[in-house]
Amino acid sequence: MKSGLSRELIAMRAAKELKDGDYVNLGIGLPTQVSSFIPEDVEVIFHSENGILGFGRIADENERDPDLINAGAQPITLKPGAAFFNSADAFAMIRGGYIDVAVLGAFQVSEKGDLANWMILEKKVGNIGGSMDLVVAVKEVIITMEHTTRKGAPRIVKECTYPLTGRGVVNLIITNLAVIAVTPEGLLLKEVAPSVTPQEVQSVTEPKLRLAADLHEMEL
Amino acid sequence: MKSGLSRELIAMRAAKELKDGDYVNLGIGLPTQVSSFIPEDVEVIFHSENGILGFGRIADENERDPDLINAGAQPITLKPGAAFFNSADAFAMIRGGYIDVAVLGAFQVSEKGDLANWMILEKKVGNIGGSMDLVVAVKEVIITMEHTTRKGAPRIVKECTYPLTGRGVVNLIITNLAVIAVTPEGLLLKEVAPSVTPQEVQSVTEPKLRLAADLHEMEL
Amino acid sequence: MDKVVSSAQEAVADVTDGSTIMFGGFGVSGIPFTLIRALRHKGTKNITAIINNAGGRLANIDLAVLVKNRQIKKVIASYPVYPWFVSPFEEQYLKGEVELEIIPQGTFVERIRAGGAGIAGFYTPTGVGTVVENGKEKRSFNGKEYLLELALAADFALIKAHKADKMGNLTYRLTARNFNPVMATAARITIAEVDEVVETGELDPETVITPGIYVNRVVKGEKYEVRFE
Amino acid sequence: MDKVVSSAQEAVADVTDGSTIMFGGFGVSGIPFTLIRALRHKGTKNITAIINNAGGRLANIDLAVLVKNRQIKKVIASYPVYPWFVSPFEEQYLKGEVELEIIPQGTFVERIRAGGAGIAGFYTPTGVGTVVENGKEKRSFNGKEYLLELALAADFALIKAHKADKMGNLTYRLTARNFNPVMATAARITIAEVDEVVETGELDPETVITPGIYVNRVVKGEKYEVRFE
């Protein structure tokens, strides 16, 4: 199987979904890299559930302050117009529907948009963090992940076998191989990675994919 | 009937109930005068439900700022150690049980400590304000009021006839004639105003008063 | 990002008849009076006003401006009238010309907070044993009784703040904070009238009380004098 | 009024075995590490810890200090373990030596807020359709499903702030605010560890985040270095 995009390129493709003026929350891991790929002329305001709105890139070594971190506990920088608040207020913002986009990681996504991203069955313990609050309230949930497990098993499945984070909550899936929208009619293949064919994507995807009328190669 | 204490003296007597370190909320009207009678060596921190903790006396004419008021919309002064917050936080403090004493006015108090202080039957509209939140949560509720209506009818009654603010919520009643505690055994007459007899207090009080073992004249 | 609009008239241009509107302010502090006057000028009718007090004390700059002009259909308030005079609202209410829903103040603001925080309802002890419990679910938790109260939200929140930057971050002055920051979270469109607009970056992020995410429009307010009786 | 105590040891002197304790902090920010070490020294056993994360990343200054010393009976958390290494907590949990209640983070902090605000419970959409709804009342409001979640309170809250005045008014630094101001409201006794104690009157009342009413004791914390991996 072709490996498709690197993790950085997945993040770069996800960054293209963010529009000027969007308030955006980035999950731990791959999604936090999205903040490095926002064009200069696009103003995206990043929210983190530990109580900050309006931060910038990851801090350089000489800028690091342990009191200034994102939800992944990475040191960050401030942008003009930032604001601090407590965790209860941070989640009031989330549940209140004020976050436009959340970019999250996943273990599995089902064809109905169910998301499993907090615990793998092989472990007896996982981390919910802010994910369950985000998926019930954010206007658009974008999942970034590897298309398959390390062993090659599909992560896009008919029914999630891992414990759910939320039901019918995912809007868009961006993987190393494809961009797939979750629609009322099922999964819609919209873009394929360079040199990857729709058939190849389908071969590692459990549910049947419909092909978008304008199916095309990802632009990065 | 003797008139007993002036309104200022009722406020002065109520002030004596406040202990060093108490967090205290004062209702609109007579109770706001209590803040003028706190001795220099007693530190009482006043809370107001519009979002302030730690204010001082009513502002002089040349100190007035429309953005600095108490719940009665009177201009106030700040004391060192004050803090501002929004109304939701102000009531979280109240309901959370952090206010030690509330001094409120009343139309009627029953022998079981029921309080009616937000609407008189003769009017078709009243003001609840913060009173219902205060009475369910504050550790000690002190009522300051005239012992009778202008027409001489008792305000301390067997059952309130006006709409209730809360049931069984009053701890102490301070009037122009007496200081009366609400106890599980009924009303207990603890103090009488100078030159007022217990019999005179009873004659304008609907429920039967028990006399405290140490019943004495009010000290001001 | 620039949320500043050039006039109060422009700020309220889409406030249509029948809107539910939250108005900040307590006593004489933090009243969005420029926006209230702009609504008077626009003439929006059948407004449901969510506001602590129905106005009249500062008759030319508070809700009384809209009440007198017959623009208010219903008021949801905790302290609607005055003990010492009959306000325009009370006058109309006693004639049955305007509706009133009266709510304990802590429940009023907690319902608004819930409306902004995605909470559908909550159990509060406030009002147990009073007329406030009429029609509400009463339930015991750990032997104490509570009432179920539901979230309150609005089409618009008209609020008054002290400073705004262009992204809509707000600070307040002293007790003028009151209901304003809470209402800012609970409306589809929040419009902030401010004393001063500053450049983005000029407000200390530690002192921002309302983050700009809650604010759709900012307008500089007019100055006014408050006289204490 | 002077809530300042002279040592962390004195501050935690009455924290008895079996106490339920909230600990502030998120990631490497706002951890009351001096108080944690004082509890280690005191040796309080059978603690139920209400904390976002069960520690291990900063093994010598976070909850792992108490976990390793077998002082923790149960952890109530939203993000208890680490994806990339096995913490002392995870090790004990997998052996069945410590209990865990895992809660979505927004519900976790809203339950704490409710505990401090006299709210018995609230309806949140978070967790609907997941294992989180097990054993909880599910209810529809306006066609959407919500879960009833109950208030969470504690015997003690150990928090970390930036500055305190002698009345216990607190400010925080940057994202070190996190759970600390909320937990301060929800415990019988709140103990604040701070970088600096100032005289009452030195903090601007507009910038106080935790009013002193919530704080029982203040102690100056030790300095520590956080290293990022």
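Protein chains in written order, with the working numbering: chain A, 906 to 1125; chain B, 906 to 1125; chain C, 250 to 478; chain D, 250 to 478.
The beta carbon of each residue, even a glycine, is placed where N, CA and C say it ideally should be.
Proximity of residue 996/A to chain D, defined by a Cβ-Cβ separation below 8 Å, is satisfied.
Contact of residue 275/D with chain C is not assigned, every C-beta pair being separated by 8 Å or more. Just so you know, the alpha carbons of residue 272/D and residue 395/D end up roughly 28 Å apart. Within the model, the alpha-carbon separation for residue 1074/A versus residue 1061/A is close to 14 Å. Proximity of residue 948/A to chain C, defined by a Cβ-Cβ separation below 8 Å, is satisfied.
One finds nothing in chain D with a Cβ atom closer than 8 Å to the Cβ of residue 1083/B; even the nearest lies about 32 Å away.
Between residue 368/D and the set 375/D, 359/D, 374/D and 376/D, the nearest pair of CA atoms involves 359/D. Residues are counted here when their Cβ sits less than 8 Å from a Cβ of chain C; for the stretch 1029-1048 of chain B these are 1029, 1030, 1031, 1032, 1033, 1034, 1035, 1036, 1037, 1038, 1041 and 1042, given in chain order. The Cβ atoms of residue 268/C and residue 404/C sit closer than 8 Å to each other.
Take residue 475/C, set aside five residues on each side of it, and the residues of its chain with a beta-carbon closer than 6 Å to its own are 277, in chain order. Residue environment for residue 401/D: buried (at least 16 other C-beta atoms within 10 angstroms of its C-beta).
Per the DSSP secondary-structure output, residue 419/C pairs in a beta bridge with 413/C and 459/C. Under a 10 Å Cβ-count criterion, residue 972/B is classified as buried, with 16 or more other Cβ atoms of the shown protein chains found around its own Cβ. At a cut-off of 8 Å between beta carbons, residue 1110/B makes no contact with chain C. Of the candidates 913/A, 954/A, 1125/A and 1099/A, the residue whose Cα lies closest to the Cα of residue 1037/A is 954/A. No Cβ-Cβ contact shorter than 8 Å links residue 283/C with residue 320/C. Beta-bridge partners of residue 1013/A (DSSP): 1021/A.
In this structure residue 447/C touches residue 412/C by the C-beta definition: roughly 6 Å separates them, less than 8 Å. Taking 8 Å as the cut-off, the beta carbon of residue 451/C is found closer than this to the beta carbon of residue 414/C. The three-state secondary structure of residue 940/A, taken from DSSP, is helix.
A residue is called buried when at least 16 other Cβ atoms come within 10 angstroms of its Cβ; residue 250/D does not meet this threshold and is exposed.
Look at residue 357/C: its C-beta is not under 8 Å from any C-beta on chain D. Per DSSP, reduced to three states, the secondary structure at residue 967/B is helical. With a beta-carbon spacing of about 22 Å, residue 337/C and residue 442/C fall beyond the 8 Å limit used to define contacts. Those residues of the stretch 454-474 of chain D placed with their C-beta closer than 7 Å to a C-beta in chain C are 455 and 456, ordered along the chain. Looking from the CA of residue 943/A, the closest CA among 920/A, 926/A, 989/A and 934/A belongs to 920/A. Under DSSP, residue 1046/A takes part in a beta bridge, and its partners are 1007/A. In the DSSP assignment, residue 992/B falls within the alpha helix (DSSP H) that extends over 992-1000. Two segments are said to touch when three or more pairs of C-beta atoms, one from each, lie closer than 8 Å; by this definition the stretch 961-979 of chain A does not touch the stretch 1007-1022 of chain A. DSSP lists 299/C and 406/C as the beta-bridge partner residues of residue 271/C. The beta carbon of residue 1059/A sits closer than 8 Å to the beta carbons of 1052, 1053, 1109, 1110 and 1111 from its chain, once the five residues preceding and following it are set aside; these are given in chain order. The beta carbon of residue 1120/A is closer than 8 Å to those of 1094, 1095, 1096, 1097 and 1103 in its chain, skipping five residues each way along the sequence.
Between the stretch 985-1003 of chain A and the stretch 414-432 of chain D there are three or more C-beta pairs closer than 8 Å, enough to call the two in contact. Boundaries of the beta strand (DSSP E) harbouring residue 1115/A: 1114-1122, taken from the DSSP string.
In the structure shown, residue 947/A adopts coil according to DSSP, grouped into three states.
Within the DSSP bridge table, the entry for residue 952/B names 930/B and 958/B as partners.
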